[in-house]
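A.B. asks:
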Amino acid sequence: MTPDELSLAIENSLNEALAEGQLELVEGADRPQVKVERPKNRDHGDWATNIALQLSKKVGKNPREVATILSERIQQIDGVTKVDIAGPGFLNIVLDAAAAGELAKTIVEAGKSFGTTTELEGKTINLEFVSANPTGPIHLGGTRWAAVGDSLARVLEASGANVVREYYFNDHGGQIDRFARSLLARAKNEAAPEDGYGGEYIADIANRVLEANPGALESEDPQEAFRAAGVEFMFDDIKKSLHEFGVDFDVYFHENSLFENGKVEELLEKLKESENLYFKDGAWWLKSTDFGDDKDRVVIKSDGNAAYIAGDIAYFQDKTKRPENPADLAIYMLGADHHGYVARLKAAAAALGDDPDMVEVMIGQMVNLVKDGKPVRMSKRAGTVVTMEDLVDIVGVDAARYSLTRYSVDSNIDIDLDVLTKQSNENPVFYVQYAHARTCAVARNAATAGVERTAFDASLLDSDADSELLAVLGQYPNAVKEATNFREPHRVARYLETLAGAYHRWYGNSRVAPQGEEEVSDLHRTRLWLNDATRQVLANGLGLVGVTAPEKM
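Residue numbers (numbering that gives the first Met the number 0): 0 to 552.
(1) Count the other C-beta atoms from every protein chain shown that fall within 10 angstroms of the C-beta of T404, then say buried if there are 16 or more, exposed otherwise.
(2) Starting from the Cα of D77, find the closest Cα among M332, I9, L522 and give me that residue.
(3) Considering only their Cβ atoms, is the gap separating L495 from L522 smaller than 8 Å?
(4) So is H338 buried or exposed if we call it buried at 16+ other beta carbons inside 10 Å?
(5) What runs of the alpha helix (DSSP H), each 4 residues or longer, lie entirely inside the region 255-295?
(6) Based on DSSP bridge pairs, tell me the residues matched to A47.
(7) Alpha carbon to alpha carbon, how far is N40 from A464?
(8) Run the CB neighbour count on E26, radius 10 Å, all protein chains shown included, and call it buried at 16 or more, exposed below.
(9) Using CA atoms only, rank isn't needed, just tell me which of S462, M365, M0 is closest to A99.
(10) Specify whether the region 232-251 and the region 166-176 touch according to this definition: at least 3 beta carbon pairs, one from each stretch, less than 8 Å apart.
(11) For the alpha helix (DSSP H) containing V154, list its first residue and its last residue.
(12) For the region 494-513 and the region 525-534, state whether three or more C-beta atom pairs, one from each stretch, are separated by less than 8 Å.
(13) I'd like the list of long-range same chain contacts for Q364, defined as Cβ closer than 8 Å, with 5 residues on each side in sequence excluded.
(14) The ligand NAP heavy atoms versus the CB of R226: any closer than 7 Å?
(15) Look at the alpha carbon of I237 and the alpha carbon of R400, and state the distance between them as a whole number of angstroms.
(16) Counting C-beta neighbours from all protein chains within 10 Å, is the total for S12 16 or more, i.e. buried, or is it exposed?
(17) Closest to I312 by C-alpha separation, out of S181, P133, M357, A350, would be which residue?
(18) Give every residue of the same chain whose Cβ lies closer than 8 Å to the Cβ of R63, excluding the five residues on either side of it in the sequence, and list them in chain order.
(19) Mind listing, in chain order, the continuous alpha helix (DSSP H) runs of no fewer than 4 residues lying wholly within the region 301-350?
(20) At the level of alpha carbons, what is the spacing between L390 and D203?
(21) How is M365 classed by DSSP in three states: helix, strand or coil?
(22) In chain order, what residues of the same chain have a beta carbon less than 8 Å from the beta carbon of P133, not counting five sequence neighbours either side?
(23) DSSP state of V375, grouped into three classes?
(24) Could you tell me if A224 is buried or exposed, where buried requires 16 or more neighbouring beta carbons within 10 angstroms of its beta carbon?
(25) Are the beta-carbon atoms belonging to R452 and Y506 less than 8 Å from one another?
(26) Look at V369 and V375 and say whether their C-beta atoms are less than 8 Å apart.
(27) Is the separation between the beta-carbon of Y475 and that of G159 shorter than 8 Å?
(28) If you check the beta carbons only, do A205 and R185 fall under 8 Å apart?
(29) Taking the C-alpha atoms as reference points, what is the distance between V479 and T123?
(30) What are the boundary residues of the beta strand (DSSP E) that includes F168?
(31) If I'm right that A448 touches V519 with Cβ under 8 Å, what's the distance once you round it to whole angstroms?
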């Protein structure tokens, strides 16, 4: 029995109690959704629910009275052996071994679809992440967003959403001008401008511009020649780095296009009619304080030109009004210095007449590399920052992606390179991947011994190790659901570590292949189902965090 099946069965029991008048909702009250969770103390049972506490005020009864009514009905559900009422009205439920063990077969038969839902089916989510300026290689902050953003996209897709991965290509503004001046100075063998960019990559890009256009220095506008070609070369490098990191985008949106096609100017005239804009001191202001901003923002300056935020508004409109895949929800993944954008982007949606809740903004914190107990601050290629390539060169793509995804994005993290290069349980990605490789080795040894999944007797999975492993396997769908609802893919990574631990302990206590002259029995065959169920869930979860599931290590 899966947690969802148990929740549905309890819900049916609740419906029966309401239909027969044992419980009656007070006027205007809605029925809460039944949810089961693993008790922190396994001695309390296999599953627990607080539905009686949620219902008490809605039916005008004491929580324990509601719990008593429901427990009598839940006790009648096939596969339930005991229901206890704890504390103010929690219901602790114990399943018989057969009902609990059926989960192994369910997982194997579901395969890759286990843990997926249709909860977001029909919804298009525009997920913008990384969006690093094409003025240098992707630094650690952008690398974190690449790992987390791609994992979040996979999680949302597992919940049925149509996800559009988008990269906002900033090819407009002062940073690009400084980049062009830096390239030009390097090509002339001059010192970099005081506010320019350094590092070996500048020399590399400048040389590539000259190779493609030997007359660039003698052209009518050398800086423009280096800007146009240099940005293109730099962005090609960024896309190549991301692809090698396992991250590809559906849309690369050029900021310049908003201004070149007149969208911003056209939008500004329309915005003047919005109730969320007002005229003051010769300028047009957005009422962003209504959405939590510390001050209202100028959209149209007193000289009639567009302020920077006008481009943000036009960009949101473009995302939601495209002929193909218009967004129902726009998620922006921004750096730690962009807190102010939350209110501004929600205000932008309101100014366009859209629901501000169509905008979600995730703010990511800093990443630091540590080696030999000391921070790593310099890159051989970039000079001033550590880059994606630096991290991947040291630990590999899998370890880099996993280590960056396993933390909540709102926390600063230190990545210990010494730990990530170890092949030991201390290294979390090795610990999880080794669990998957071990399930594959067990399956190979079972096949050699003649153990096949030709029989399945769930009642044989009755040891403490079986029970613990089944319990953790049952938590996977909820881990995916929470990762989706809270936009926190690190929940999947942390779940995988828990599952790996349960499997390693099970492996030490359970034999799938017979020993010596022992005959192959249904216990061996049934344990193979449980082994293979674990392999499937580990593979599914590793896929959601964009990490490979090796068969041998």
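Even glycine gets a Cβ: it sits at the ideal position worked out from N, Cα and C.
Computed from a predicted structure; not experimentally measured.
C.D. replies: The relevant details are as follows:
(1) Buried: at least 16 other Cβ atoms inside 10 Å.
(2) I9
(3) no
(4) exposed
(5) Here the runs fully enclosed are 255-259, 262-270.
(6) E36, N91
(7) 15 Å
(8) exposed
(9) M0
(10) yes
(11) 139-157
(12) Touching, per the Cβ criterion.
(13) A335, V408, D409, S410, N411, I412
(14) Looking for the ligand NAP in the displayed structure turns up nothing, as the structure carries no ligands at all.
(15) 17 Å
(16) buried
(17) Answer by Cα proximity: A350.
(18) A51, I84, P87, G88
(19) Segments of the alpha helix (DSSP H) lying fully in the region 301-350: 307-320, 340-350.
(20) 20 Å
(21) Three-state result, M365: coil.
(22) F168, N169, D170, I175, F178, V230, M233, F234, I237
(23) strand
(24) A224 counts as buried, since at least 16 other C-beta atoms from the protein chains shown sit within 10 angstroms of its C-beta.
(25) no
(26) When the beta-carbon positions are compared, V369 and V375 come within less than 8 Å of each other.
(27) no
(28) yes
(29) 19 Å
(30) 161-168
(31) Yes, A448 and V519 are in contact; Cβ-Cβ is about 7 Å, under 8 Å.
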